[in-house]
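Asks:
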Amino acid sequence: MATQATQTSAQVIGFVRQVIGEVKATGSDGVTRTLQVGDLVFADDLIVTGELGSIEIVFNDGGDLTLGRNSQGLLDADVYQTITPEDGSEYAASIDAIQQAILLGEDPTAIQEAPAAGEGESAAGDEGTSFVTVERTGTQTTPESGFETNGLFISFAETADSASLIDLLPTIDLDGDDNSQAGSGYLSHYTENSGPLPIADADIQVSNPDGTILESARIVLTNAQDGDQLDVSAISGLTAEVDGGVPGVITVLLSGSASPEVYAQAIRNIGFINTSENPDETPRIVEVTVNDGDFDSNTAVTTITVQAINDPPVVDLDGDDSTDTGNDYRTTFTEGDTAISIADIDLSVSDVDDVTLQSATVTLTNPQSDDVLAVGEMPAALTATINGSTITISGEGTLADYQSAINAITFENTSENPSAETRVVEVTVNDGELDSDIAVSRIEVVGVNDVAVIDLDADDSSSSDTGYETTYIENQAPVTIVDDDVVINDVDDEYIESATIELTNYLPNDHLVLGLMPIGITAEVDGSTVTLTGSATLADYQQALQAVYFANTSENPPNDDRIINITLNDGDGNSNSAVSVVHVIPVNDPPDANNDLVSTPEDTPVRISVLANDTDPEGDPLLVTSNTQPANGTLTRLSNGTYEYTPNPGFTGTDSFNYTVSDGNGGSDRATVSISVAADNDGPVAVSDSANTNEDTPIVIDVLSNDSDPEGDVLSITSFTQGANGSVTVDPVSGNPVYTPNPGFTGTDSFNYTVSDGNGGVDSATVTVNVAGTGGGVNTVPDAADDAVVTDEDIPVTVNVLSNDSDPDGDVLTVISVTQGANGSVTVDPVSGNPVYTPNPDFNGTDTFTYTVDDGNGGTDTAIVTVTVGAVNDAPVATDDAIGTDEDTPVTVDVLPNDSDPDGDTLTVSSVTQGINGSVAIDPVNGNPVYTPNPGYNGTDSFTYTIEDGNGGTDTATVTVTVGAVNDAPVATDDAIGTDEDTPVTVDVLPNDSDPDGDALTVTAVTQGANGSVTIDPVSGNPVYTPNPDFNGTDTFTYTVDDGNGGTDTATVTVTVGAVNDAPFASDDSVS
C-alpha cells in the first residue's frame, strides 16, 4: 500500500471546473460540503462522488483530475504535487491507451505499467470509477463508456521515478446483482407489523481490494421516524453499538477485525423494524460504509419503502375497567327505572391510523319481551336506524362523534314483570375497511314487586285515569262507589290481601253501606272507613268493591262532592290510590204546613200566625202564597203568615179556611185553620114602633113583632115607661103594652119599653102613639112595602125603597134606619136617603135587610129588602216562584201549586215572557214553563208567566231562576307548523285554544308522530316535535288540554318538515 503524505496545511490547491450530480468534499477538519462549479478545493480534501456523480478539478499548477461515479479521491500532496503540466504530456499516451482499452471493453490494467494504471506493486486499483482522467495541459481524453472499476481510489504520490501510485479503498454493494436497483444501493419494502427487514440483499458484496480484513462499518438510518428501530440482535462475531442520540438518526457501529464476508453477513443481519401501529410512510434512507482501518468505503444506500396497513378501530365500553375487564362493560337495569346507557361514561373509541369511522353496530343478542333498545340524540354527522334489536349507526364521523353516539344508545324494559335473564349487547365499530373486536355490554335486569293497579272505571265512561264519578240523589237508593267495569291488575301477583276504602270528607248522615262480600273477604266498617281483608283473587276483590255503596240519610244532605280513596295491598305494597267522586244532589223537600186551631168569642176578631208551626226540611223561609175565605167570617192578611179572622156578627160555631205555603224552591203544602167561635149572648134588638088610636081609646101595641134576637131567643117585655099623655100597662093575655091616652087627649105621645132575651140581653125601643081626635085629626102611619134588588158579586147597589112605600096622609117619607144583611153591609146614602147594600167580598147568593120609614108625624113602618147577588168570575192569583238549575241544564218550573183562584177554577199557564239570559217555552205535556239558560250562562235570570182561570180571569207572576255554574270543557283548536329536516320545533299550541269559563289551560298529554317523536317542554309546557333523522314531509300528532276542573279537549298538530340538503359522504379509496 502506498504511503500517504501528510497534509502540511489547509491550503487552496485548485478549483472545480465541472461537476455532474452530487459530489461531496470532506476537509481535514472533518466538515463535509457539497461541491459546485467554481468551488475551491483544499489540501487533504476527500472527494466522494455519488451514484451518478462526477467532477473535474483543475489544480493550481494547471493539472486536471476527473473522478467518475461512486469514486473517492484524497487530494493529498501525492496528487496535487505529482500532477504538473509537464507530467501531463509524458503520460498522455499511456492514459489514452487506458481509455482506448476501456472503450474496447478490455481490461485497462493489462495495457499500461504500474505508474499509469493497472496492477503494479504501487497500485492495486480494482474496479475503479466509470472514467478516470489524469490530464496534462494540452492533452485530455475522456472515455464515453468504459470498464467498471467501482470503488477505485486514486492517490498520486511522488516516487523516485516520479511515477503515480494508486491506493485501493474497500467497497460495498448492498445488492450485488442489482435486482432491486442499479449501483451499490438496495431497494426494499417494509410492511407495518412485519418482522425485522434486512437492510441488504442476500447477495451483498463487501471487499477490501488491498487486504483481507475490515475494521469497522457504519450503518446510519438518516431519517428515522416514530417507531423506527435497527435490530442488531442477529449479529455475531462483531461488536454492535446502536446510537440514537441524534433526533431522527439511528447509527449502528460495527467493530472488530474480520473478513469482508463477516461484515457482509453482519450488515445483512441488521434488520429494520417499525413498532408503530400507524408508521410514517416516508421512504427510509440507510447509509452503509465499511472501513479497512484507514479509509471508508463508498457509501451504499438502502432505500426502504414503508407501507402502513389499516388497523381495526377499538371500542372499549368501560375505559377504566370499573365494571369489567377488557373492552366489556357491566351494568344493571332495575324495573321501572328510566332507560340506561349501554356503555360507561368513560367509553372510548380509538383508531391508530384513522381519525374518522364509517359505521357502528349495536345488537341486543338475546332480546326479551318488552326490551327496548333506543337511540338518543345523534351527532349531526351520524344517522341511526333501528331494525328489531339491532341499531346501525352510519355516516363519516369523528371518533368523538361515534363515542357520543354509542353513549346515546339506551336499554330499558317497559314490562311490569321483566325477564331476569342478563341481556347481552354486542358493539362493533368500522373504519370503512375493518370491524373492531366485539365489545360486550352485559345488563343485569332486576325486577321489583309491582303493586296492584286499580281502575274504578276501565272504559273511562265517567272519569279519566283510574277514578270514577257517580251521583247520589237524596232519598234514592245507595250508589256503588265503583263502575261495573272496575278492573284490578297485578302483573306479578294473582292475589290481593286487603283493601282500604276511606270517605275522606265525611259529612253528617253519610254512610258507606256494605253488600254481600265474596267468600274469603271480610268487610269491617269503622266510621268513614271500610277495611276489606282476606287473601283472594283479583276478581274477588273486584266483586267486593262493587258491593260497597254510598248513601246519605239526611233530608237535606250537603251537596259537597264526597271523595272516596280506594287502595289495595298485594302483601308487598299498596296499589295506586284510586278516587271515587260521589256528586250529592239534594232534592228540595216540600214544606210541612200544619193545621192550626184557634178560638175566639162571638163577635171577637182573632189574629192567627199560621207559619208558627210550619216547617221546611231544608230550613227554607216559608211564604204563604194563597188562602181561601172562611164561610162565617172575614179574613184579613196582615203580613206574611199572619191573618185576622172576624166572625160574622152573632156567628158561633166552627169556621175554617185553607192556606198554602211555599219554600221558594217549588215545594208547597196546604193546611187548614179551624176557628172555634164561642157563643156569647147577643142582646136583643128592640125596634121602635108606632101606633094609632082614637081619643080616649086604649090600644094594645105588638111591639115585639119587629124586635129580634141574634140567637133567636124568645123575647119578653120586662119594663116600660109611661107616656106623657097616657098610661101604659101590660096586656095579661098577649104580654104587649096597652097604651091608654089621658081623657080627651089627642096628639102624639110616646113611651119606652125594654125587651129581654131571657139570657141577660135587653134592649129598649120607643113606641110613638098617635091619638086622633074623634073629629078625624089623627095622623095615619105610613106603609113600607118589601123590596127586591139584584147586583153582581162585589158590586154595591143603592135600593130605591120609597118608590113602592106610601103614606095615607100623603106625608113625605124618609128612611130613618136599616139593619145589616147576613152577607153584606147596609148604609143610608146621605144624598138620596136610600139604603146602599154592599155584598161581602166574593159573596154571591141571596141576602136580606130591613129598613124603617117615617112620615114626619110620628108614623113609621118597616119593610124587608131582598138582595140577589149574582156570581162574577174572580181573577186568579199568580204568586211569584223561584227555582235553581245548573248551567246549560233546562228546568221545568211547576208554577201552579202556589197559585190560586177564588172561585176554585182550574188554572193553566197561557203565556210566558223570555228571560234575558235564557229562553222559555211551555211544556206541551204538563203545561209548565221550561227555562233553558243560554249556553255557558250562570247567575240569576227571571221571566214572567200568565195564568188563566178559563173564565176570562188572568194574573201574572215572576219566576226567578238561579243558574249554578258548571265547568265547561275547553276548546282545543288544530295547529300547523313548519320546521327543517332534523330540526326540533316547539309548538305554542295554546294561543288559539280557549275555555268558556276563562280557566287557564295546560297541555297534559301528547301522542307520537308517525315520523317523529313528541315530548312536553318542562319549562314552557308546549309540545316539542323532533322529526326522525332525515325525514321530510308532513307528520301529525295530537295533544290534550286540561282546564284544571276536569274539562279536556284534544286537537291535532300538523308539522311540515322541509327537506334540507345532506352533505355527500366521501369514502377513502386506495389503488396499487
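All residue numbers for the sequence shown refer to this note's numbering, where the first residue is 84 and numbers rise by one. Glycine included, every Cβ here is placed at the ideal spot set by N, Cα and C.
1) Do G942 and V864 have their CB atoms nearer than 8 Å?
2) Taking the straight line between their C-alpha atoms, what separation do you get for N1144 and L456?
3) Specify the secondary structure class of P641 as computed by DSSP and reduced to three states.
4) Identify whether E516 lies in helix, strand or coil by the three-state DSSP scheme.
5) What are the partner residues of E727, as DSSP defines its beta bridges?
6) What's the C-alpha gap between M600 and A606?
7) Can you tell me whether DSSP reads L979 as helix, strand or coil?
8) For Q56, which of helix, strand or coil comes out of DSSP?
9) For a test of the three-state rule: what should DSSP assign to V786, helix, strand or coil?
10) Rounding to the nearest angstrom, what Cα-Cα distance links G339 and V315 in this structure?
11) With a cut-off of 8 Å on the beta carbons, I'd call T989 and G928 a contact; round off their distance for me.
12) Which two residues bound the contiguous beta strand (DSSP E) that contains V884?
13) Using the rule of at least 16 other Cβ atoms within 10 Å of the residue's Cβ for burial, across every protein chain shown, is A504 buried or exposed?
14) Just how far apart, CA to CA, sit T468 and I476?
15) Suppose only complete runs of 3+ residues qualify. What are the beta strand (DSSP E) ranges in the segment 407-494, listed by chain order?
16) From this set, I1005, P985 and D1038, which residue's C-alpha is nearest D963's C-alpha?
17) Under the three-state reduction of DSSP, which class applies to N696: helix, strand or coil?
18) What distance in whole Å lies between the Cβ atoms of A661 and D752, which are believed to be in contact at a cut-off of 8 Å?
19) Excluding sequence positions up to five away, which residues of its chain have a Cβ less than 7 Å from the Cβ of P684?
20) Count the other CB atoms within 10 Å of the CB of G1141; is the residue buried (16 or more) or exposed (fewer)?
21) Do you know offhand how far Q441's Cα is from V332's?
22) Going by DSSP, what residues sit across from L297 in a beta bridge?
23) How would you label P343, buried or exposed, when you count the other beta carbons within 10 angstroms and need 16 or more for buried?
24) Using the C-alpha atoms, what's the distance from I758 back to L979?
25) Which whole-angstrom value describes the C-beta separation of P640 and V667, a residue pair presumed to lie in contact below a C-beta threshold of 8 Å?
26) Using only the alpha-carbon positions, how far apart do D869 and I691 sit?
27) Measuring CB to CB, does T945 end up less than 8 Å from Y934?
28) Pop quiz: D894 and D938 are said to be a contact at Cβ under 8 Å. What is the actual Cβ separation, rounded to whole angstroms?
29) For I237, count neighbouring Cβ atoms within 10 angstroms of its own Cβ and tell me buried if that reaches 16, exposed if not.
30) Please state whether DSSP places I333 in a helix, a strand or coil.
31) What does Q312 pair with, by DSSP beta-bridge criteria?
32) With C-beta atoms as the reference, is F740 less than 8 Å away from N715?
33) Let me check one thing: in DSSP terms, what residues is N374 bridge-paired to?
34) Taking contact to mean at least 3 C-beta pairs separated by less than 8 Å, is the segment 394-402 in contact with the segment 279-288?
35) Mind checking N1021: buried by the 16 CB within 10 Å criterion, or exposed?
36) Would DSSP call Y624 helix, strand or coil?
Replies: By the coordinates alone:
1) yes
2) 29 Å
3) Collapsing the DSSP output to three states places P641 in coil.
4) In the structure shown, E516 sits in coil (DSSP, three-state: anything other than H, G, I, E or B).
5) R690 and T719
6) 7 Å
7) helix
8) The displayed coordinates of the chain run from 84 to 1155. Any statement about residue 56 would go beyond what the structure contains.
9) Here V786 sits in helix by DSSP.
10) Answer to the nearest angstrom: the Cα atoms are 15 Å apart.
11) Not confirmed; about 23 Å, so no contact.
12) Looking at the DSSP string, V884 is not in any beta strand (DSSP E), and its letter there is neither H nor E.
13) According to the sequence provided, residue 504 is Glu. The question's Ala does not apply to it. Exposed, by the Cβ-count rule.
14) 7 Å
15) 412-417, 431-433, 439-447, 454-458, 466-470 and 473-481
16) D1038
17) helix
18) 44 Å between Cβ atoms; not a contact.
19) The residues are A761 and D763.
20) exposed
21) 37 Å
22) L297 pairs with A341.
23) buried
24) 28 Å
25) 5 Å
26) Separation of D869 and I691 (C-alpha to C-alpha, rounded to the nearest whole angstrom) is 41 Å.
27) yes
28) 3 Å
29) For I237, the predicted model reports a pLDDT of 40, less than 50, meaning its position is unreliable and no value from the coordinates is stated.
30) strand
31) I356
32) no
33) S299 and D379
34) With the cut-off at 8 Å, the segment 394-402 and the segment 279-288 do not touch.
35) buried
36) For Y624, the secondary structure class from DSSP, reduced to helix, strand or coil, is helix.
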